[in-house]
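Counted the way this note's numbering counts, the sequence shown spans residues 109 to 281. We put the beta carbon where it would ideally sit given N, CA and C, even for glycine. Everything below concerns the one structure shown next.
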Amino acid sequence: MNTNYQLIGLALSLLNYAFIFLFIFSAFKVNYYNSIVSFFIKLYKPIGKVSLIQNQSINIIFLSIVIKFISLFLIYSNSYDASVLLGVAVIQNIQIIVRLILFIIIGGVILSWVQPKNSNPFLEIVIEISDKILLPLRGLIPSAGGLDFSPLFIFILIQLVSGFLDDILRYIV
């Protein structure tokens with residue numbers, strides 16, 4: 109395998125993560141005036157103008173899947189068929205989103221204990237997204253003595269989804 113293909117694959121993977129972050133920001137309607145979110149939006153604007161898909165969230169996830177597919181195709185085209193690599197690209201993007209949501213919730217829980225009000229733009233994003241994820245469960249699960257158990261149920265759900273996605277990926281490959 110050529111080292112140039114690996115470097116291109118790495119660059120495409122970084123771009124893929126940027127689009128996945130933008131998808132998460134778009135899906136959870138994060139504050140667009142945040143400096144980090146506005147940076148990602150400025151990155152996306154030129155690409156969004158020339159795309160054929162009008163819905164921004166669908167366009168972002170589509171571009172993310174295409175980028176992941178190209179990166180996998182450059183590295184593994186000799187070993188696997190393109191349809192298999194496309195399926196792997198879709199599953200891996202979903203796995204990345206689920207893993208990022210897990211880390212965002214863990215960060216939000218830790219920040220709620222340590223420093224609930226913060227002016228750091230990154231920490232504001234973490235708290236905002238984790239609150240939006242946990243809000244539906246907080247209405248269903250009452251807090252016991254000031255303790256919020258809704259993150260535990262989300263962690264269990266994330267583990268179930270991760271195991272399911274791992275099984276699908278093993279079946280495809």
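- Non-local beta-carbon contacts of Val269 in its own chain, meaning distances under 6 Å to residues more than five positions away in sequence, involve Val206 in chain order.
- For the pair Ile202 and Phe177, the Cα-to-Cα distance works out to about 13 Å.
- Three or more beta-carbon pairs separated by less than 8 Å link the stretch 227-246 to the stretch 142-149, which places the two stretches in contact.
- Taken through DSSP and simplified to helix, strand or coil, Leu273 comes out as helix.
- Ranking Ile212, Ile149, Ser179 by CA distance to the CA of Ile116 puts Ser179 first.
- Non-local beta-carbon contacts of Val138 in its own chain, meaning distances under 7 Å to residues more than five positions away in sequence, involve Val145, Ile233, Glu236, Ile237 in chain order.
- Between Phe127 and Leu171, the CB-CB gap stays under 8 Å.
- Look at the beta carbons and you see the stretch 116-125 not touching the stretch 214-231: under three pairs across the two are nearer than 8 Å.
- Under DSSP, Leu255 forms a beta bridge with Ala252.
- At a Cβ-Cβ threshold of 8 Å, Lys240 and Phe136 count as neighbours.
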